[in-house]
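Student: Mind looking over this structure? Questions follow.
Residue numbers (our numbering): 4 to 440.
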């Protein structure tokens with residue numbers, strides 16, 4: 004099977020992906036892709052580890068993502084392709100490794116949107132209890148599928164706008180709740196799961212940062228990628244680390260953290276603990292909190308559709324999914340992403356969707372870091388506008404922590420890991436069949 008064929012901006016090729024994104028757009032995309040992780044999902048980790056145990060999990064995963072982002076930036080600026088990890092692994096390790104990277108990335112990005120949409124439905128339910136969560140989740144997924152059909156420039160502008168609002172709300176949340184922080188709340192049964200709980204909580208710590216690598220899927224649509232991609236990635240990870248640690252501490256010290264441990268909407272509940280359940284700020288935060296979920300949903304639909312487009316363009320998925328509209332939008336890939344999300348919403352299993360997405364993510368991280376190490380040896384003269392610092396320490400640390408995370412998630416979520424493996428076997432059969440015909 005041949006390598007990805009990257010589209011060019013030649014005027015003789017129409018339609019094509021448009022280079023219209025700058026550093027601010029990429030910051031908005033990097034933070035927006037992830038920021039829903041600050042609004043929900045992470046608190047499930049408390050149920051298995053307690054706040055102190057989860058803090059340890061989060062610090063481990065923070066090291067993973069810092070080393071990963073610096074390393075990923077080298078790959079993205081060296082090979083600015085919409086296929087992202089698929090393109091890196093294909094070039095470094097061969098077509099099957101590229102296929103596996105593409106499969107893992109596709110799982111990550113296909114199953115994150117329904118989890119976010121379900122949480123968004125939960126926030127709407129807090130505001131209007133009569134609203135059905137599954138119905139609301141389906142409607143919002145349809146809406147943001149439609150937004151992504153308008154074109155990347157419109158989608159990125161919208162993403163930047165709602166991301167700024169989401170960041171502002173989290174800063175207001177910190178200012179409102181931190182004055183009520185009590186250390187005894189945070190430490191009560193804080194290490195209840197012991198080291199067992201620390202590793203069991205890893206997929207929920209990953210949710211704080213999962214999908215930041217989706218910036219790579221927009222690489223073909225970035226103006227001056229060598230300059231703007233590093234700015235977007237590095238400013239994005241700095242913003243997310245600050246918000247993740249701040250939100251976790253503030254919520255954990257606001258009251259009885261056990262009440263938040265199984266909720267899809269911990270932010271307004273934490274506000275209620277700090278200020279009183281009848282305080283008008285509770286519903287206000289539920290309403291404004293929609294911006295964070297909207298930002299991630301919109302961004303991940305964008306990232307997922309670009310991944311589907313790229314692997315279909317390479318012939319792994321049906322080539323019809325690589326169709327571009329006259330505006331340069333991979334419209335069929337957007338529709339496919341939306342349909343899969345709607346089917347997944349019917350399961351109603353947010354925590355399981357998060358774990359499945361996280362298994363796909365760490366599998367892809369491991370392959371990508373091995374690809375970086377291989378490319379340094381295989382193509383020492385490859386133009387690298389940005390180089391991972393402290394090489395080879397950063398990619399090796401990211402690879403090692405990805406492997407540890409993968410083992411922990413398989414150990415504690417065997418049924419979901421089996422689903423991931425079965426999907427991989429099915430995808431491999433299809434891949435082998437298509438490559439032999």
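Virtual Cβ for every residue (Gly too), placed ideally from N, Cα, C.
In three-state DSSP terms, what is residue 243?
Tutor: Position 240 of the chain shown, counted from the first residue, corresponds to residue 243. It is helical.
Student: Reducing DSSP to helix, strand and coil, say where residue 373 ends up.
Tutor: Here residue 373 refers to the residue found at position 370 when the chain shown is read from its first residue. DSSP places residue 373 in helix when its eight states are reduced to three.
Student: Taking 8 Å as the threshold (C-beta atoms), are residue 54 and residue 260 in contact?
Tutor: As a position in the chain shown, residue 260 is number 257, starting the count at 1. As a position in the chain shown, residue 54 is number 51, starting the count at 1. Yes; because the gap between Cβ atoms is below 8 Å, this pair is in contact.
Student: Between which two residues does the alpha helix (DSSP H) harbouring residue 196 extend?
Tutor: As a position in the chain shown, residue 196 is number 193, starting the count at 1. Premise fails: residue 196 is in no alpha helix (DSSP H) and is neither H nor E.
Student: Counting Cβ pairs, one atom from each stretch, are 3 or more of them under 8 Å apart for the stretch 318 to 334 and the stretch 234 to 252?
Tutor: The stretch 318 to 334 is not in contact with the stretch 234 to 252.
Student: Leaving out the 5 sequence neighbours to the left and right, which residues in its chain are closer than 6 Å to residue 249 when beta-carbon positions are compared?
Tutor: To locate residue 249, count along the chain shown from 1; it is residue 246. If we look at residue 249 and ignore the five residues flanking it on each side, its Cβ neighbours are 177.
Student: If we count Cβ pairs, one from each stretch, closer than 8 Å, do we get three or more for the stretch 77 to 93 versus the stretch 300 to 317?
Tutor: At 8 Å Cβ cutoff, the stretches touch.
Student: Can you grab the Cα-Cα spacing for the pair residue 293 / residue 342, in whole Å?
Tutor: The residue given as residue 293 occupies position 290 in the chain shown. The residue given as residue 342 occupies position 339 in the chain shown. One C-alpha to the other measures close to 22 Å.
Student: From 321, 324, 188, pick the residue whose C-alpha is nearest to that of residue 276; which is it?
Tutor: By 1-based counting over the chain shown, the position of residue 276 is 273. Taking only the C-alpha atoms, the option nearest residue 276 is 188.
Student: Can you list, in chain order, the residues of its chain whose CB lies under 7 Å from that of residue 73, leaving out five sequence neighbours each side?
Tutor: Position 70 of the chain shown, counting from 1, holds the residue named residue 73. Here the set comprises 391, 392, 397.
Student: Using the beta-carbon count (16 or more within 10 Å), is residue 107 buried or exposed?
Tutor: Here residue 107 is taken as the residue at index 104 of the chain shown, counted from 1. Residue 107 is buried by the Cβ-count criterion.
Student: What are the complete beta strand (DSSP E) segments, minimum 3 residues, inside the stretch 119 to 161?
Tutor: The qualifying runs do not exist here; there are none.
Student: Alpha helix (DSSP H) containing residue 30: first to last residue?
Tutor: Taking the first residue of the chain shown as 1, we reach residue 30 at position 27. Where residue 30 is concerned, the enclosing alpha helix (DSSP H) stretches over 26 to 37.
Student: What do you reckon, are the CB atoms on residue 36 and residue 225 nearer than 8 Å?
Tutor: The sequence position of residue 36 within the chain shown is 33, counting from 1. The sequence position of residue 225 within the chain shown is 222, counting from 1. No. Outside cutoff.
Student: I think residue 400 touches residue 70, with their Cβ atoms under 8 Å apart; what is that distance to the nearest whole Å?
Tutor: Translated into positions along the chain shown, residue 400 becomes position 397. Translated into positions along the chain shown, residue 70 becomes position 67. 5 Å between Cβ atoms; contact.
Student: Cα-Cα, which of 34, 96, 47, 33 is closest to residue 381?
Tutor: On the chain shown, position 378 is the one that residue 381 refers to. Of the candidates 34, 96, 47, 33, the one whose C-alpha sits nearest the C-alpha of residue 381 is 96.
Student: Going by beta carbon distance, what residues of the same chain come within less than 8 Å of residue 76, once the five residues before and after it are set aside?
Tutor: Taking the chain shown and counting its residues from 1, one reaches residue 76 at position 73. Excluding residues within five positions, the ones whose Cβ falls inside 8 Å are 232, 233, 236, 237, 389, 391.
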